[in-house]
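Be aware that the sequence shown starts at 0, since it is given in numbering that gives the first Met the number 0, and climbs by one per residue.
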Amino acid sequence: MKVLIVEDHKLVSDGIKLILEASKDIRVVGSPPNAEQALEILNGETLVDIILSDNILPGMSGIKLCKAITHTQPKIKVIILSMIDDDQAVVDAMSAGAMGYVLKSAKPWELIYSIQHVYHGDKYLSADLSMKFFNQLYGKVASSSNVVNVSSRQSDVLSLIAQGLTSTEISNKLFLSKRTIEGYRKDLFEKTGAKNTAALIHYAVANRLIK
């Protein structure tokens, strides 16, 4: 997955790049400080799968950049990375064609997961925002009494699943057999009621089972 980071604060941009390049599946192909330079890169020969853009940029905003890309290069997916958790900001981003909206307070693994999720054609909303909207919709805070308990080892496996690792890779990392890891995966699916990996990770994020 080839990612272009659009962020005007170099320290933040460098930090994001460091996080993303920790994933073997992600390659950062550029980090322009504004939308105008991002468009220049896109009009060149650089191949880009996903753009991770701040909402507030000098000159053209991240939302306007998203609109421009949606119209001219619809195959490129855009994720807005922002500190703003306002409902309207999310609506504006999605209306502009963004496939994801991630808060800058997100954990590193969630940022990586959001890119993997969007790359495969699905939309992604930060876990904190998902819970906020859920609470607003139902007018109450979701009860924690229904949240399943996971062991420390299950939590480790869950975190590595969220990072996109296979059972074989997880077994090598945790020095456990692949059969044992498959057992942990099966238990996690049964406990959470998740039907697939995406649903499992979404449940884990929403209920803060991953640190």
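No residue lacks a Cβ here, since even glycine has one placed at the ideal position from N, Cα and C.
Proximity winner among the options, relative to residue i (alpha-carbon distances)
| i | options | result |
| --- | --- | --- |
| residue 45 | 21, 110, 75 and 203 | 75 |
| residue 53 | 103, 16 and 22 | 103 |
| residue 106 | 149, 19 and 8 | 19 |
| residue 127 | 202, 121 and 163 | 202 |
| residue 225 | 209, 10 and 66 | The chain is shown from 0 up to 210; residue 225 falls before or after that span and cannot be answered. |
| residue 72 | 183, 149, 41 and 199 | 41 |
Paired residues, beta bridge with residue i - DSSP
| i | result |
| --- | --- |
| residue 53 | 80 |
| residue 1 | 26 |
CB of residue i within 9 angstroms of CB of residue j, strictly
| i | j | result |
| --- | --- | --- |
| residue 78 | residue 100 | yes |
| residue 25 | residue 47 | no |
| residue 16 | residue 27 | yes |
| residue 175 | residue 187 | no |
| residue 63 | residue 34 | yes |
| residue 55 | residue 65 | no |
| residue 80 | residue 110 | yes |
Distance, residue j Cα to residue i Cα
| i | j | result |
| --- | --- | --- |
| residue 91 | residue 97 | 9 angstroms |
| residue 124 | residue 43 | 30 angstroms |
| residue 153 | residue 82 | 31 angstroms |
| residue 116 | residue 197 | 8 angstroms |
| residue 204 | residue 161 | 9 angstroms |
| residue 14 | residue 195 | 31 angstroms |
| residue 67 | residue 32 | 17 angstroms |
| residue 192 | residue 183 | 14 angstroms |
| residue 190 | residue 147 | 7 angstroms |
(message) List, from N- to C-terminal side, the beta strand (DSSP E) runs of 3 residues or more that fit wholly inside the segment 68–123.
(response) 76–81 and 99–102
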